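In this note's numbering, the protein residues as written are 25 to 69.
Heads up, the beta-carbon is just placed ideally off N, CA and C, and yes, glycines get one too.
It should be emphasised that the depicted structure is a prediction, and the values quoted were computed from it without experimental measurement.
Right, one structure below, let's go through it.
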């Protein structure tokens, strides 16, 4: 069984999260993005 190295990059922003999957040679294998409503605190701290 051959094991292929993979790299998962995750960008967790203030309004969305994005994930990119690369193989060991740097080729993009897949990507996904999910937007979400930002959470705002009504009180300090």
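**Asked** DSSP on residue 41, reduced to helix/strand/coil?
**Response** Translated into positions along the chain shown, residue 41 becomes position 17. Residue 41: strand per DSSP, three-state reduction.
**Prompt:** Under 7 Å between the Cβ atoms of residue 32 and residue 52?
**Reply:** Within the chain shown, residue 32 is the residue found at index 8, counting from 1. Within the chain shown, residue 52 is the residue found at index 28, counting from 1. Taking the C-beta atoms as reference points, residue 52 is found no nearer than 7 Å to residue 32.
**Span of the beta strand (DSSP E) around residue 54** = As a first step, residue 54 must be located in the chain shown, where it is residue number 30. In this chain, the beta strand (DSSP E) harbouring residue 54 covers 52 to 59.
**Top-ranked residue by Cα proximity to residue 37, from 60, 67, 68, 66** = Translated into positions along the chain shown, residue 37 becomes position 13. The shortest Cα separation from residue 37 among 60, 67, 68, 66 belongs to 60.
**Asked** So does residue 30 have its beta carbon nearer than 6 Å to some heavy atom of the ligand SAH?
**Response** The model on display carries no ligand, and the ligand SAH is accordingly not part of it.
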